[in-house]
Amino acid sequence: MTFRFLHTADWQVGKPFGSVPGDAGSELRGQRIRTVRRIAELARERAVDAVLVAGDAFDSNDVKDKTIVQTLEALRGFEGPWVFLPGNHDAALAHSVWTRMRTLGLPPNVVIADTPTPIDCWGGRAQVLPAPLKRRREVLDQTAWFEEAATPEGACRIGLAHGSVAGRLPGGSEAANEIPEDRAARAGLSYLALGDWHGALEIAPRTYYSGTPETDRHRANRSAHVHLVETNGTRAPEQVETLAVGHYRWVALDLSLIDGTCTAALTELERLGDDPRRCVVSLRLSGSVSLTERRKLEAALRLWEARLHHLDVDDSALLDEPTADDLDAIDTAGFVRLAVDRLRARAEDPADPERDAARLALRLIYLDHRGRA
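full-length UniProt numbering numbers the first residue of the sequence shown as 1 and each following residue consecutively.
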């Protein structure tokens, strides 16, 4: 019996994005709702049997009622079953976002999987086995009960869980709410839908993370996707198609300017594509530039700050290396030149404790002079 569904997770609706101020942060918060609406449209377009949300639909249990209502309204584009699993951010506490959702009015096609019992909304064609988190960190494996769960003969057995597959996540990621890597095989699952890791990843046989559908950090991990899954009985899924749904691109640029110019930085920014308004950029600069190039760089970054959705620049490791032409542009005689020469000597002395202050003073003098020129 074929069963088609969308696997998604980690929406974290209500995430504050405190590091992105003003309207840019507000747009990021609003986009998470709009991306949920896009998932609903995709579910309808692909005629799936269900949408399974593997935890952390909400950023916390303290999101506003308005946020809950807006999320429910965003689901309207797909009239089939939505199955929501409580994750570590929105755990099924005694008072949680899920209890409030029921109070606010739960649509009949929304299922809150907050108890470890099989879910069947498909006339025996499939059963979803959920492993809800009752607290942010569970000590015991919440998926253990899958192995003993009985399902109708021939039905697709789908596991739904939120946590870390021990020893499998890349980059030495923290292991919390651990799930055995062979859970799908031991429990006879055709597919284990996971949340917690924010990138699309096949972590073990028949075991997948969908990642967050809307990128929320500067990390290259295949975020901004959902999985379209087609499975038949207890066999491995016949199809797992990873579909892009995200809007904003989060780009991290770590550049070393080694030739004294800002060309490399400006070139990388130009490579962002035709729609920079969708880019949230973290730009980290190191190396050294002349004062002329520093002025050029700062003017260009002001323009890029206006063009991009958000630009965060860290140039604390980018040093000023004044050239003779830079210093001659300030003054060629008098006490100003004497002060410049003294500052230059201190700026070039690695042992001088005031070296950084001297560099900054030279830059400010240069910029002030060029501004009056």
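Glycine included, every Cβ here is placed at the ideal spot set by N, Cα and C.
Note that the structure is predicted; figures quoted are calculated from it, not measured.
Check: Taking the continuous alpha helix (DSSP H) assigned at residue 304, which residues delimit it?
Finding: 291 to 307
Check: In terms of residue numbering, what span does the alpha helix (DSSP H) encompassing residue 44 cover?
Finding: 22 to 45
Check: Which of helix, strand or coil does DSSP assign to residue 128?
Finding: strand
Check: Which residues in the same chain have their Cβ closer than 6 Å to the Cβ of residue 152, if we skip the five residues on either side of it in sequence?
Finding: 124
Checklist line | Three-state secondary structure assigned by DSSP to residue 62 | finding: The answer is coil: DSSP assigns residue 62 none of H, G, I, E or B.
Notebook entry, point to check: Around the Cβ of residue 373, are there at least 16 other Cβ atoms within 10 angstroms (buried) or fewer (exposed)?
Noted result: Bear in mind that a pLDDT of 48 at residue 373, under 50, signals an unreliable position, so the number given afterwards is only what the model happens to contain. Per the 10 Å Cβ criterion, exposed.
Next item on the list: Just grab the DSSP bridge partners of residue 262 for me.
Entry: BP columns for residue 262 are empty, so no partner.
Next item on the list: Go ahead and pull the three-state DSSP assignment for residue 122.
Entry: coil
Notebook entry, point to check: Exposed or buried, which one is residue 293 when buried takes at least 16 other CB atoms within 10 Å?
Noted result: buried
Notebook entry, point to check: What separation, rounded to the nearest whole angstrom, lies between the Cα atoms of residue 352 and residue 138?
Noted result: 54 Å
Item checked: Of the listed residues 182, 185, 244, nearest to residue 199 (C-alpha basis) -> 244
Next item on the list: State the start and end residues of the unbroken alpha helix (DSSP H) segment that holds residue 97.
Entry: DSSP places residue 97 in the uninterrupted alpha helix (DSSP H) bounded by 97 to 104.
Note to self: Using 8 Å for Cβ pairs, my map puts residue 269 next to residue 312. What's the rounded Cβ distance?
What the structure shows: No, residue 269 and residue 312 are not in contact; Cβ-Cβ is about 13 Å, not under 8 Å.
Next item on the list: Please classify residue 373: does DSSP put it in a helix, a strand, or coil?
Entry: Low per-residue confidence applies at residue 373: pLDDT is 48, beneath 50, and the placement is therefore not dependable, though the value from the model is reported in the following sentence. Of the three classes helix, strand and coil, the one that applies to residue 373 here is coil, per DSSP.
Check: Run through DSSP, which three-state label would residue 366 get?
Finding: helix
Next item on the list: Note down the Cα distance separating residue 28 from residue 178, rounded to an integer number of angstroms.
Entry: 30 Å
Next item on the list: Could you tell me how far apart the beta carbons of residue 362 and residue 344 are, in whole angstroms, since I believe they sit closer than 8 Å?
Entry: 7 Å
Check: Which value, in whole angstroms, describes the spacing of the CA atoms of residue 58 and residue 10?
Finding: About 8 Å.
Notebook entry, point to check: Exposed or buried, what is residue 357 when buried is set at 16 or more other beta-carbons lying within 10 Å of its beta-carbon?
Noted result: exposed
Next item on the list: With DSSP as the reference, please indicate the residues paired to residue 84 in a beta bridge.
Entry: 53, 112
Check: Where do the ends of the beta strand (DSSP E) carrying residue 314 lie?
Finding: Where residue 314 is concerned, the enclosing beta strand (DSSP E) stretches over 310 to 320.
Check: What is the DSSP secondary structure of residue 12, counted as helix, strand or coil?
Finding: Residue state for residue 12 is assigned as coil, using DSSP reduced to three classes.
Check: Between the beta-carbon of residue 206 and the beta-carbon of residue 192, is there less than 7 Å?
Finding: yes
Next item on the list: Give me the Cα-Cα distance between residue 349 and residue 273, rounded to the nearest whole angstrom.
Entry: 42 Å
Item checked: Close Cβ partners of residue 181 (< 6 Å) along its chain, the five nearest in sequence each way excluded -> 165, 168, 204
Item checked: residue 197 - DSSP class collapsed to helix/strand/coil -> coil
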